[in-house]
Each structure stands twice: as C-alpha cells, then as structure tokens.
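Enquirer:
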Amino acid sequence: MEKNTSARHVRLKAKTGLFDINLKELWRYRDLIALFTKRNFILIYKQTILGPAWILLQPMFTTLIYTLVFGGIAGISTDGVPQILFYMAGTALWTYFSQTLTKTSTTFTANARVFGKVYFPRLVMPISTVLSGIINFGVQFLLFACFWAYYIIKGVIAPNYLGILLLPVILVYLGLLGMGLGIIISSLTTKYRDLSMLVTFGVQLWMYITPVVYPVSTITSPLLRTLILLNPVTCAVETFRWIFLGEGVISLAHWGISAAVMALALTLGVIVFSRVEKTFMDTV
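Taken in order, the sequence shown gives residues 13 to 296; the numbers are from my numbering.
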C-alpha cells in the first residue's frame with residue numbers, strides 16, 4: 013500500500029532588487045521581533061542595582077538638572093508652563109528618539125555574531141529597537157502623566173485633549189525617523205568604523221537645535237528660528253507640548269517638510285540596509 017506524502021520546499025534566492033523588502037516575511041517573524049524587543053528591554057537593566065527603576069530615575073534627574081541650570085541659573089522662559097513639566101515633556105520625547113537612533117546605528121556591528129549563525133530578516137533588529145524604545149517612553153510617560161494631572165487639577169495648564177489622539181502618530185514618526193537614520197549609519201559603519209564615534213557627539217549637538225530646554229517662541233533670530241523649525245524633531249516636540257501643555261509652535265508646512273525628510277531617510281535607509289546586509293559579514 014502506497015502512502016502519499018507531501019513535501020514542503022523552501023526556495024532561497026539572492027536579493028537583487030533595489031528595494032527588496034519582504035513585508036510578509038517580516039510579519040512571519042513577528043514572534044522573533046517580540047522576543048528581541050523583550051531582550052533589548054531586559055539587557056539594558058540587567059545586573060543593575062535599581063533595575064528598570066532607571067527608566068524613571070534618568071529622566072527625573074535630567075529634568076531636575078535642566079530646571080536648575082536652564083530654568084534657574086540661565087532663566088530661560090518656558091512660556092508660563094511649569095518648568096518641571098516643560099523639561100520632562102521634551103526629555104521624554106528626545107530620549108526616545110536619540111536612543112532609537114544610537115541603538116539602530118549599531119545594528120550590524122552589535123549583532124554580527126547572531127547574523128552570522130542564523131538567517132532571519134535583518135530588519136527585525138531595528139524594528140525591535142523601536143518597539144523597546146516605545147516601551148521605555150511609555151514608562152516615562154506615566155511619570156510625566158502624574159505631574160501633568162497634578163497641574164491640571166491646580167488649573168495651571170490648559171491641554172488640548174483631542175490632540176492626544178495624535179500621540180501615536182508622533183511616536184511612529186519619531187521611531188521611523190530614528191530607525192531610518194540609524195540604519196543608514198549602521199550600514200556605513202560596517203566599513204567606516206569611525207562614524208560610530210561621531211554618532212554620540214552628533215546626537216548631543218542635535219539636541220541643542222531641538223527645543224528640548226527652550227521654547228521656539230523665545231528664538232528671535234529669523235535665521236536660527238527657521239533652522240530650528242526645519243529640524244525634523246522640532247515639530248514632534250512642539251506638537252507634544254501643544255497637546256499636553258497647551259503651548260507650542262505648530263506649522264503644517266513644517267510638518268510636511270519633516271514627514272518628507274522622515275520618508276526619505278527611511279526609504280534610503282532600507283535601500284542601503286538591504287544592499288549592505290548581503291556582504292557585511294565580510295567587513296564586520
């Protein structure tokens with residue numbers, strides 16, 4: 013008696029297209045994305061005394077320093093918004109973006125051993141970095157929400173409550189922008205390692221042309237104001253403050269420019285990433 017058996021064949025072929033990304037394949041590896049997201053979150057605070065409490069302590073200490081230096085010593089205006097809320101809002105968003113950028117910029121070099129042993133879509137790594145960043149932001153946002161609710165009860169601020177629906181848009185936008193720029197840098201650092209040394213320094217400089225410690229309304233120089241508004245992170249920070257604090261400079265034109273920059277960075281990043289992943293093991 014013959015028994016019919018069916019065999020499943022998987023055909024592997026080299027990627028040849030300029031934009032050869034298989035979204036269905038990424039979806040099939042969603043469990044792996046979740047696993048790496050959890051791993052990224054745990055590894056940061058593994059073998060630390062306070063553990064995940066650092067997620068709250070870091071922005072709190074940063075906010076206190078900003079309040080003392082920029083609010084107290086420098087006397088920079090916060091447009092009538094309580095200083096602790098103003099700096100905490102900017103710090104939470106900037107931390108999410110900067111960590112997404114810096115961590116995805118080491119995708120190839122930091123995961124070379126894993127990439128060399130087993131196959132999976134390489135974009136799994138930067139995507140999981142973005143998701144773990146959102147988790148960190150969520151925890152920090154809870155701390156911000158406690159102070160936010162307190163000042164609402166006191167009647168100090170007047171939030172735009174309907175704008176809260178835009179929060180996911182802001183997070184997705186910053187995540188994609190950070191990932192796009194990060195994977196471009198990651199692809200280039202496989203050959204040019206000194207670029208990785210410039211990333212941290214460059215991100216620190218970037219913060220000062222982003223309204224994290226000052227509102228855009230205090231900038232009087234037309235040239236400097238235009239430069240700051242063209243910064244693709246500015247629109248996200250100002251919109252976040254407009255939503256939750258009732259103060260912020262929002263321009264649809266600048267949002268359009270920023271969205272175009274994000275789309276360009278992401279598209280270029282994915283193209284370069286998909287090209288470099290074929291041969292990066294020979295250079296890393």
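Cβ atoms here follow ideal geometry from the backbone N, Cα and C, with glycine treated the same way. None of these values were measured; they are calculated from a predicted model.
Take residue 144 and list the residues in its own chain whose beta-carbon comes closer than 7 Å to its own, dropping the five residues that flank it on each side.
Expert: 49, 52 and 53
Enquirer: Is residue 37 helix, strand or coil when you go by DSSP?
Expert: helix
Enquirer: Would you mind reading off the limits of the alpha helix (DSSP H) that contains residue 115?
Expert: From DSSP, the alpha helix (DSSP H) with residue 115 extends over 95 to 116.
Enquirer: From this set, 267, 95, 146 and 87, which residue's C-alpha is nearest residue 111's C-alpha?
Expert: 146
Enquirer: Quick one: is residue 87 buried, meaning 16 or more other Cβ sit within 10 Å of its Cβ, or exposed?
Expert: exposed
Enquirer: DSSP three-state label for residue 123, please.
Expert: DSSP, read as helix, strand or coil, puts residue 123 in coil.
Enquirer: So, residue 257 versus residue 192, is the Cβ gap smaller than 9 Å?
Expert: In this structure, residue 257 keeps its C-beta atom at 9 Å or more from the C-beta atom of residue 192.
Enquirer: From residue 165 to residue 173, what does the alpha carbon distance come to, in whole angstroms?
Expert: 14 Å
Enquirer: Put residue 164 into one of helix, strand or coil per three-state DSSP.
Expert: helix
Enquirer: Between which two residues does the alpha helix (DSSP H) holding residue 80 run?
Expert: First-last for residue 80: undefined, no H or E at that position.
Enquirer: Which whole-angstrom value is the C-beta distance of residue 107 and residue 71, which I expect to be below 8 Å?
Expert: Right, the Cβ-Cβ distance comes to about 6 Å (below 8 Å), so this counts as a contact.
Enquirer: Residues in the same chain with beta-carbon distance under 7 Å from residue 175, minus the five sequence neighbours each way, listed in chain order, please.
Expert: So the list reads 254 and 255, once near-sequence residues are dropped.
Enquirer: I'd like the list of long-range same chain contacts for residue 215, defined as Cβ closer than 7 Å, with 5 residues on each side in sequence excluded.
Expert: 110, 113 and 114
Enquirer: What is the rounded straight-line gap between the Cα of residue 15 and the Cα of residue 285?
Expert: Because residue 15 sits at a pLDDT of 46, beneath the cut-off of 50, its placement in the model cannot be relied upon, and the following sentence gives the value as read from the coordinates. Each residue's alpha carbon lies about 46 Å from the other.
Enquirer: Assuming residue 198 and residue 120 form a contact by the criterion Cβ under 8 Å, report the distance between their Cβ atoms to the nearest whole angstrom.
Expert: Rounded, the Cβ-Cβ distance is 5 Å, consistent with contact.
Enquirer: Identify whether residue 52 lies in helix, strand or coil by the three-state DSSP scheme.
Expert: helix
Enquirer: Taking the alpha carbon of residue 91 as the reference point, which residue from 245, 240, 243 and 260 has its own alpha carbon closest?
Expert: 260
Enquirer: Would you kindly work out how many angstroms separate the C-alpha atoms of residue 44 and residue 141, rounded to a whole number?
Expert: 12 Å
Enquirer: In angstroms, rounded to a whole number, what distance separates the CA positions of residue 196 and residue 282?
Expert: Near 8 Å, if we compare the C-alpha coordinates of residue 282 and residue 196.
Enquirer: Where does residue 281 fall in DSSP's three states?
Expert: helix
Enquirer: Taking the alpha helix (DSSP H) that residue 248 falls in, what are its first and last residues?
Expert: 246 to 257
Enquirer: For residue 85 and residue 40, I'd like the C-alpha separation in whole angstroms.
Expert: 54 Å
Enquirer: The ligand COA and residue 89: does any heavy atom of the ligand fall closer than 8 Å to the residue's C-beta?
Expert: Summarising the ligand content, the structure contains no ligands, and the ligand COA is consequently not present.
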